[in-house]
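See below for the structure under consideration.
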Amino acid sequence: MPHSHFWRDSSPAHITAGFVAVLVGYSSSAIIIFQAAAAAGASPEQIGAWLSALGLAMGITSIGLSLRYRQPILTAWSTPGAALLAVSLPGSSLNEAIGVFMFCALLVLICGITGWFARMMQVIPQSIAAAMLAGVLLRFGLDAFLSLGHEFTLVLVMLATYLIAKRWLPRYAILLVLVLGLGCAAALGKVDTAAARWSFALPLPVMPHVSLASLLGIGLPLFVVSMASQNAPGVATLRAAGYDTPISPLMIWTGLATLLLAPFGAFSVCLAAITAAICMGSDVQADPARRYPAAVWAGLFYLLAAVCGGSIGSLFDALPRELVVALAGLALLPTIASSLHRALREEAQREPALITFLVTGSGVSLFGIGAAFWGLVAGMLALGIAGFHRRSRV
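Read left to right, the sequence shown gives residues 0 to 393 (numbering that gives the first Met the number 0).
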């Protein structure tokens, strides 16, 4: 039975990875959800309901898909999509926003049913996918060390803990970093418990309203951004880690979950990339086939966050930002290293992979689409030109 396998395969390292993934996901971009909801005219209660709906959708899909395929399949909201909504929704009603969410979910569902997205992703070589993942994660690794300039003692303690634990207790390195980091932050007076408050958010459905202007002006860009900047990197993350999960069913289930929970504020449920990588590292479990419990635990933490949707913002405000940044960067170091190794392993594809890595790592954004997509485009273009040049010389 899948459930018995889950409990047998679970370990503290899986639980820690799941918790860190959710912590990083919420702390890095939950504020953008607040901005997007406020732009649509949502009340504080409705904003809490949005976070609860998102937590419920991500929790159910992460748990269900990970147990179904026995692979660490983590879902997340589209952060680029939330940013797009924050600047596009002013002037639109909350009812129109819900209509946009349902329209976008329907397009994702169609992509899953037809297999269009899966066929497109099959043409991307593993070296390019791995290079794109390394580029996406580069900022997190750099920020971990840049945070030394802001909270030197705290980050130094976390870094020293990581290096020592990697030597003697590698599977528990991130758990120890988290525990000692929290202890150090509390000792330094950096944890503001007065800012934390508990509140529960109830589902607040909103009747959708459909207008052609909002569907074309907001819905289509939201779909393109979510697929190019979130789902494509999510698939690349799975492939770079060596997982062969069928893509179309993932699109069907995430699209269906979004469609059903969109009236409650779940604007998008996509495949995770950065937070998924936390659950796929060798520190979680040496055997890739037994890493899936980390994503299941992340799903359980998502469900807990759904219950406490109204408290999420204040809870993360209580922690120093440098703690979360350093924790994310250290947790992702093994994945960055393995991704770079895969990307540069084949000499014939080394330069296109390097271009992919540099474009993605640059953070460039064009036409509202993030660097991950343009890194893939640049790498595939370079690979195509190199292949054409080799054939023309034969």
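For each residue, glycine too, the CB sits at the ideal point set by N, CA and C.
Rounded separation between Ala16 and Ser210 - CA only: For this step, residue 16 is matched to residue 17 along the sequence shown. For this step, residue 210 is matched to residue 211 along the sequence shown. About 42 Å.
First and last residue of the uninterrupted alpha helix (DSSP H) at Leu181: Within the sequence shown, the letter at position 182 stands for residue 181. Taken as a continuous stretch (DSSP letters only), the alpha helix (DSSP H) holding Leu181 covers Ala172 to Ala186.
Straight-line Cα distance separating Val122 from Ile246: Translated into the one-based positions of the sequence shown, residue 246 becomes position 247. Translated into the one-based positions of the sequence shown, residue 122 becomes position 123. Computed Cα separation, rounded: 13 Å.
Helix, strand or coil at Leu93 according to DSSP, with G and I counted as helix: Along the sequence shown, read from residue 1 onward, the residue named residue 93 stands at position 94. Helix at Leu93.
Beta-bridge partners of Thr74, as assigned by DSSP: Taking the first residue of the sequence shown as 1, we reach residue 74 at position 75. Residue pairing by DSSP places Thr74 opposite Leu270 in a beta bridge.
Three CB pairs or more closer than 8 Å across the segment 324-334 and the segment 17-26: In short, these stretches touch, since the Cβ pair count reaches three.
Burial state of Leu365, where buried means 16 or more other Cβ atoms lie within 10 Å: Along the sequence shown, one-based indexing puts residue 365 at 366. By the neighbour-count definition (other C-beta atoms within 10 Å, threshold 16), Leu365 is an exposed residue.
Cβ neighbour criterion (16 or more within 10 Å) applied to Met279: By 1-based counting over the sequence shown, the position of residue 279 is 280. Met279 is buried by the Cβ-count criterion.
Contact between the segment 46-55 and the segment 224-241 (3+ Cβ pairs under 8 Å): No, the segment 46-55 does not touch the segment 224-241.
Host alpha helix (DSSP H) of His340 (start-end): In the sequence shown, counting from the first residue as 1, residue 340 sits at position 341. Unbroken alpha helix (DSSP H) run through His340: Arg320 to Leu343.
Contact under 9 Å by Cβ, Ala293 with His13: On the sequence shown, residue 293 is found 294 positions in, with the first residue counted as 1. On the sequence shown, residue 13 is found 14 positions in, with the first residue counted as 1. Taking 9 Å as the Cβ cut-off, Ala293 and His13 qualify as a contacting pair.
Residues near Ser87 in its chain [Cβ-Cβ closer than 6 Å; skip 5 each side]: As a first step, residue 87 is located in the sequence shown; it is residue number 88 there, counting from the start. Here the set comprises Ile217.
CA-to-CA distance, Leu106 to Ala377, given in whole angstroms: Residue mapping note: residue 377 aligns to position 378 of the sequence shown, counting from 1. Residue mapping note: residue 106 aligns to position 107 of the sequence shown, counting from 1. Ala377 and Leu106 have their alpha carbons spaced roughly 26 Å apart.
Sequence-distant residues of its chain with Cβ nearer than 6 Å to Leu175 (five each side left out): Locating residue 175 in the sequence shown gives position 176, counting from the first residue. Excluding sequence neighbours, Leu175 sits near Thr160 and Ala164.
Distance between Val363 and Phe222 (C-alpha atoms, nearest Å): The count along the sequence shown starts at 1 and reaches residue 222 at position 223. The count along the sequence shown starts at 1 and reaches residue 363 at position 364. Answer to the nearest angstrom: the Cα atoms are 20 Å apart.
Inter-stretch contact (C-beta, 8 Å, three-pair minimum) for the segment 65-85 and the segment 263-270: Look at the beta carbons and you see the segment 65-85 touching the segment 263-270: at least three pairs across the two are nearer than 8 Å.
For Leu299, the residue or residues it bridges with in DSSP: Position 300 of the sequence shown, counting from 1, holds the residue named residue 299. None; Leu299 has no bridge partner.
Nearest-angstrom Cβ-Cβ length linking Phe356 and Ala130, presumed shorter than 8 Å: Position 357 of the sequence shown, counting from 1, holds the residue named residue 356. Position 131 of the sequence shown, counting from 1, holds the residue named residue 130. Between Phe356 and Ala130 a beta carbon distance of about 4 Å is seen, short of the 8 Å cut, so the two are scored as contacting.
Beta carbon proximity, Leu141 to chain C, threshold 9 Å: In the structure shown, chain C cannot be found, because there is only a single protein chain.
Three CB pairs or more closer than 8 Å across the segment 95-105 and the segment 298-309: Contact between the segment 95-105 and the segment 298-309 is absent: fewer than 3 CB-CB pairs across the two stretches fall below 8 Å.
Cα-Cα separation between Gly90 and Met119, rounded to whole angstroms: One-based indexing of the sequence shown puts residue 90 at position 91. One-based indexing of the sequence shown puts residue 119 at position 120. About 35 Å.
Euclidean distance between Cα positions of Trp397 and Val19: There is no way to answer for residue 397, as the model of the chain reaches only from 0 to 393.
Among Leu132, Arg67, Pro11 and Gly182, the one whose alpha carbon lies nearest that of Val353: For the purposes of this step, residue 353 is taken as the residue at position 354 of the sequence shown. In the sequence as displayed, the identity of residue 353 is Leu instead of Val. Looking at the Cα atoms, Leu132 is the closest of the given residues.
Anticipated Cβ contact below 8 Å, Thr253 with Thr60, distance rounded: The sequence position of residue 253 within the sequence shown is 254, counting from 1. The sequence position of residue 60 within the sequence shown is 61, counting from 1. Correct: roughly 6 Å between the Cβ atoms.
Proximity below 9 Å, CB of Asn94 to CB of His4: Within the sequence shown, the letter at position 95 stands for residue 94. Within the sequence shown, the letter at position 5 stands for residue 4. In this structure, His4 does not lie closer than 9 Å to Asn94 by Cβ.
Alpha helix (DSSP H) segment containing Lys165, residue limits: Counted from its first residue, the sequence shown places residue 165 at position 166. Phe151 to Trp167 is the extent of the alpha helix (DSSP H) around Lys165.
Cβ-Cβ distance between Ile127 and Ala342 below 9 Å: Taking the first residue of the sequence shown as position 1, residue 127 is located at position 128. Taking the first residue of the sequence shown as position 1, residue 342 is located at position 343. Their beta carbons are under 9 Å apart, which means Ile127 touches Ala342 by this criterion.
Start and end residues, alpha helix (DSSP H) containing Gln121: By one-based count along the sequence shown, residue 121 stands at place 122. According to the DSSP assignment, Gln121 belongs to no alpha helix (DSSP H), since it is labelled neither H nor E.
Which listed residue (Glu345, Ala117, Phe300 and Thr334) has its alpha carbon closest to that of Leu53: Position 54 of the sequence shown, counted from the start, is the residue given in the question as residue 53. Of Glu345, Ala117, Phe300 and Thr334, the residue nearest in Cα terms is Phe300.
Separation of Val224 from Pro79, as counted between CA atoms: For the purposes of this step, residue 79 is taken as the residue at position 80 of the sequence shown. For the purposes of this step, residue 224 is taken as the residue at position 225 of the sequence shown. Taking the straight line from one Cα to the other gives about 7 Å.
6 Å Cβ shell around Ala275 - same chain, five flanking residues per side excluded: As a first step, residue 275 must be located in the sequence shown, where it is residue number 276. Non-local beta-carbon contacts of Ala275 in its own chain, meaning distances under 6 Å to residues more than five positions away in sequence, involve Leu73 and Thr236 in chain order.
When Arg7, Ala85 and Leu64 are compared against Ala36, the one with the closest alpha-carbon: Start at 1 with the first residue of the sequence shown, and residue 36 comes out as number 37. When the alpha-carbon of Ala36 is set against those of Arg7, Ala85 and Leu64, the nearest one is in Ala85.
Cα-Cα separation, Trp115 to Tyr291: Position 116 of the sequence shown, counting from 1, holds the residue named residue 115. Position 292 of the sequence shown, counting from 1, holds the residue named residue 291. Using only the alpha carbons, I get a separation of about 26 Å.
Among Trp167, Phe102 and Leu153, the one whose alpha carbon lies nearest that of Val178: To locate residue 178, count along the sequence shown from 1; it is residue 179. Comparing Cα positions, the closest option is Leu153.
Minimum C-alpha distance to Ser213 - residue among Ser146, Ala256, Asp282 and Cys103: Mapped onto the sequence shown, residue 213 falls at position 214. Per the Cα distances, Cys103.
Opening and closing residue of the alpha helix (DSSP H) in which Pro220 lies: Looking up residue 220 in the sequence shown gives position 221. Unbroken alpha helix (DSSP H) run through Pro220: Leu219 to Ser225.
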